[in-house]
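Peer 1: Sharing a structure here in structure tokens format.
In the working numbering, the protein residues as written are 34 to 638.
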């Protein structure tokens, strides 16, 4: 089942073509897809039963983002760029391959036209990329038949087979003039730039002749070739005919917010985009804010200036150009205007989505938090903090804290705690001592620094954790924060809360939860989040400690040498793979380096 944020965003999806980026819990892009209809395609991931690898993908999705374009072809091309940029784990087909092909006219004395997946700075002419590989191959064959250049390796001393077929100008056995090549190249460039009238007329004529002669198979080939050509040389708005580097800015304003979209065009392709959304102090000065943003954008992070910047009508382009010392234009038609419109459309979609998500989240999340306080009989509070512990049979014990404000996670306020590691007999970690330690450390510091205390503490556990937490708060710190325990059933699913205050004679009582309520959903989310945060922290710490322990076993490796290895390599695998010279390079002696290699290589066998 999708999380609430995804559920809300699914309601806002447009009926438009575009690309979607699926992200994991850490915000990393794990899959890029395209669709003629984003609403139907993206919803299908979460509203249909999935199996196999797709089911695995859906389980890993924690959020998604969309980019709207004007056609399915544009979505195809943008998908290529995004996959190359993010290298998503689940895009196995395009991630490791050469990508979609280009058609190249080579820059040589005897040029040829060919397919390639690599663009070189060799002054050749490149057209594409072409999403349909078969269409690109068919189009290349058509060009080679219609406007032949060199088809063989050249200088053979005899006519090649392609010359006899009319698909080579004859550089294999004679000198071909530059004028002859230039004429052919002009025709090919005109064709690949979209002027397919002559080619279509020729194919239609051949198709009709073949049909009249009852050569239906050949007529079908001409028909398919005509279709391939239309697919391959069709105009595409996210491509430009020149190679200039361009940044395209546009904006949208609504309800006191401004959304600014930047498209980065490099080598005729949309390489990436950025969206910036922020509040306006004065809506009437939106264009001034927009212009100021552009200036600050290039003054920050040592950004490289493009050859040209495109901005919408009404913006003071001449002032921007004078300040930035870059050509700034306001296009009124053509491909550049279409790209500017695309930037506007995406800025509008991003801001509309943000505003509606804020509205939905306020209704859902704040309402859910209100339900929690209501069922506990408490006045509403905006801040909830929750703890969970993690350990392996008492070793490397840690605790994690997550913070939710008005029902939303405040991740910048999450905290991690390394615990002393109290162990009681064979029962593993002492939950009471660990709970007391982390609660004492957290809230004594907050009191000392005069920080805002939470309105409710949720302990991931039962009576033991709640009692320990209350004892520290009431009897040591003199703090009156309500504490409740999140209790799971035998199937490890959230079941109910326990709440009360035994320190003042109030028994802990069971608070049932409606499994269909927003309060139940939020408590489940808090419990899952604090558990995930604790487990991740513990796993990382345990792995690091295991590595340190392994290095400590190596004769001649003391704490200083161990720390050098940990700092420079970070994992046992990387240390094992390092050469003697690599190990010496971080400060080990030859003897130490040899000892490390010998011990680690033997431990692998």
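Virtual Cβ for every residue (Gly too), placed ideally from N, Cα, C.
(1) Which residue or residues does DSSP assign as beta-bridge partners of residue 279?
(2) Buried or exposed for residue 303, going by 16 or more other Cβ atoms inside 10 Å?
(3) Rounded to whole angstroms, what's the CA-CA distance from residue 122 to residue 340? Just pull it up for me.
(4) Reducing DSSP to helix, strand and coil, say where residue 385 ends up.
(5) Pull up the distance between the alpha-carbon of residue 137 and that of residue 149, whole angstroms please.
(6) Say whether the region 605-618 touches the region 463-476, bearing in mind that this needs 3 or more beta-carbon pairs closer than 8 Å, one atom from each stretch.
(7) Answer yes or no: do residue 279 and residue 343 have a C-beta to C-beta separation smaller than 9 Å?
(8) Check residue 116 in the structure and name its three-state DSSP category.
(9) Report the partner residues of residue 416 according to the DSSP bridge assignment.
(10) Leaving out the 5 sequence neighbours to the left and right, which residues in its chain are closer than 6 Å to residue 539 when beta-carbon positions are compared?
(11) Let me make sure I understand the geometry here. Which of 380, 293, 404 and 406 has the alpha-carbon closest to that of residue 99?
(12) Would residue 391 be called buried (16 or more neighbouring beta carbons within 10 Å of its own) or exposed?
(13) Whose C-beta lies closer than 7 Å to the C-beta of residue 243 among residues of the same chain, with five residues either side of it excluded?
(14) Report the residue from 441, 560, 465 and 618 whose alpha carbon sits nearest the alpha carbon of residue 648.
(15) Give the straight-line distance between the Cα atoms of residue 153 and residue 438, rounded to the nearest whole angstrom.
(16) Within the same chain, show all residues whose beta-carbon is closer than 6 Å to that of residue 564, passing over the 5 residues directly before and after it, in chain order.
(17) Strictly by DSSP, which residues pair up with residue 347?
(18) Cα separation between residue 181 and residue 217?
(19) Tell me, please, which residues DSSP counts as bridged to residue 290.
(20) Can you check DSSP and say which residues form a bridge with residue 493?
(21) Going by the DSSP bridge assignment, what does residue 146 pair with across the sheet?
(22) Closest to residue 291 by C-alpha separation, out of 306, 297, 317 and 43, would be which residue?
(23) Per the contact definition of three or more C-beta pairs closer than 8 Å, is the region 79-89 in contact with the region 100-116?
(24) Tell me residue 448's beta-bridge partners as DSSP assigns them.
(25) Nearest-angstrom Cα distance between residue 555 and residue 561?
(26) Work out the CA separation of residue 135 and residue 187 for me, nearest whole Å.
(27) Just to confirm the assignment, what range does the alpha helix (DSSP H) spanning residue 55 have?
(28) By how many angstroms is the C-alpha of residue 436 removed from the C-alpha of residue 445?
(29) Check for me: the alpha helix (DSSP H) holding residue 230 runs from which residue to which?
(30) What residues in its chain sit with their C-beta under 8 Å from that of residue 408, if we drop five residues either side in the sequence?
(31) Mark residue 463 as exposed unless 16 or more other C-beta atoms lie within 10 angstroms of its C-beta, in which case mark it buried.
(32) State buried or exposed for residue 494, treating a residue as buried only when at least 16 other CB atoms are found within 10 Å of its CB.
(33) What are the boundary residues of the beta strand (DSSP E) that includes residue 41?
(34) So, under 8 Å CB-CB, residue 175 and residue 189 are touching, yes? Tell me the CB distance rounded to an integer number of Å.
(35) Residue 641 lies in the alpha helix (DSSP H); which residues open and close that run?
(36) Excluding the five sequence neighbours on either side, which residues of its own chain have a C-beta within less than 6 Å of the C-beta of residue 676, listed in chain order?
Peer 2: On the basis of the coordinates in this document:
(1) As a position in the chain shown, residue 279 is number 246, starting the count at 1. Answer by DSSP bridge pairing, in chain order: 298 and 341.
(2) Your numbering for residue 303 matches position 270 in the chain shown. Its Cβ being crowded by 16 or more others within 10 Å, residue 303 is buried.
(3) Locating residue 122 in the chain shown gives position 89, where the first residue counts as 1. Locating residue 340 in the chain shown gives position 307, where the first residue counts as 1. In a straight line, the C-alpha of residue 122 is about 34 Å away from that of residue 340.
(4) Counted from its first residue, the chain shown places residue 385 at position 352. Of the three classes helix, strand and coil, the one that applies to residue 385 here is helix, per DSSP.
(5) Numbered from its first residue, the chain shown carries residue 137 at position 104. Numbered from its first residue, the chain shown carries residue 149 at position 116. Rounded to whole angstroms, residue 137 to residue 149 spans 7 Å at the Cα level.
(6) no
(7) To locate residue 279, count along the chain shown from 1; it is residue 246. To locate residue 343, count along the chain shown from 1; it is residue 310. Taking 9 Å as the Cβ cut-off, residue 279 and residue 343 qualify as a contacting pair.
(8) Translated into the one-based positions of the chain shown, residue 116 becomes position 83. Note: residue 116 maps to helix in three-state DSSP.
(9) Position 383 of the chain shown, counting from 1, holds the residue named residue 416. Answer is 438, bridged to residue 416.
(10) Within the chain shown, the letter at position 506 stands for residue 539. Here the set comprises 533.
(11) Stepping through the chain shown from its first residue, residue 99 is reached at position 66. The candidate whose alpha carbon is nearest that of residue 99 is 380.
(12) Indexing the chain shown from 1 puts residue 391 at position 358. When all chains shown are included, residue 391 counts as exposed.
(13) If you number the chain shown from 1, residue 243 lands on position 210. Within the same chain, residue 243 has close Cβ partners 251, 252 and 255.
(14) Summary: the structure shown does not reach residue 648, with the chain confined to residues 34 through 638, and so no result is reported for it.
(15) Position 120 of the chain shown, counted from the first residue, corresponds to residue 153. Position 405 of the chain shown, counted from the first residue, corresponds to residue 438. One C-alpha to the other measures close to 52 Å.
(16) Indexing the chain shown from 1 puts residue 564 at position 531. Taken in chain order, the residues that qualify are 421.
(17) In the chain shown, the residue the question calls residue 347 occupies position 314. BP columns for residue 347 are empty, so no partner.
(18) Here residue 181 refers to the residue found at position 148 of the chain shown. Here residue 217 refers to the residue found at position 184 of the chain shown. Straight-line Cα distance between these residues: approximately 7 Å.
(19) The sequence position of residue 290 within the chain shown is 257, counting from 1. DSSP, once it has assigned bridges, lists 287 and 312 as partnering residue 290.
(20) Taking the first residue of the chain shown as position 1, residue 493 is located at position 460. In DSSP, residue 493 forms a bridge with 519.
(21) If you number the chain shown from 1, residue 146 lands on position 113. Paired residues: 138.
(22) The sequence position of residue 291 within the chain shown is 258, counting from 1. Per the Cα distances, 317.
(23) no
(24) The residue you call residue 448 lines up with position 415 of the chain shown. BP columns for residue 448 point to 434.
(25) Taking the chain shown and counting its residues from 1, one reaches residue 555 at position 522. Taking the chain shown and counting its residues from 1, one reaches residue 561 at position 528. Each residue's Cα considered, the two are about 10 Å apart.
(26) Indexing the chain shown from 1 puts residue 187 at position 154. Indexing the chain shown from 1 puts residue 135 at position 102. Going by the C-alpha atoms only, they are around 23 Å apart.
(27) Translated into the one-based positions of the chain shown, residue 55 becomes position 22. DSSP places residue 55 in no alpha helix (DSSP H) but in the uninterrupted beta strand (DSSP E) bounded by 51-56.
(28) If you number the chain shown from 1, residue 445 lands on position 412. If you number the chain shown from 1, residue 436 lands on position 403. Looking at the two C-alpha atoms, the distance is approximately 9 Å.
(29) Sequence index remark: in the chain shown, residue 230 carries index 197 (1-based). Where residue 230 is concerned, the enclosing alpha helix (DSSP H) starts and stops at 230-245.
(30) Here residue 408 refers to the residue found at position 375 when the chain shown is read from its first residue. Closer than 8 Å at the Cβ level, and outside the excluded window around residue 408, lie 530, 544, 546 and 552.
(31) Counting from one through the chain shown, the residue named residue 463 turns up at place 430. Label assigned to residue 463: buried.
(32) On the chain shown, residue 494 is found 461 positions in, with the first residue counted as 1. Burial call: buried.
(33) Here residue 41 refers to the residue found at position 8 when the chain shown is read from its first residue. Counted as a single uninterrupted DSSP element, the stretch harbouring residue 41 is not any beta strand (DSSP E) but the alpha helix (DSSP H) occupying residues 37-43.
(34) Your numbering for residue 175 matches position 142 in the chain shown. Your numbering for residue 189 matches position 156 in the chain shown. Contact doesn't hold; Cβ gap of about 25 Å is too wide.
(35) Past the boundaries of the shown model lies residue 641; the chain is included only from 34 to 638, so the question cannot be answered.
(36) The chain is shown only over 34 to 638; residue 676 falls outside these bounds and no answer can be derived.
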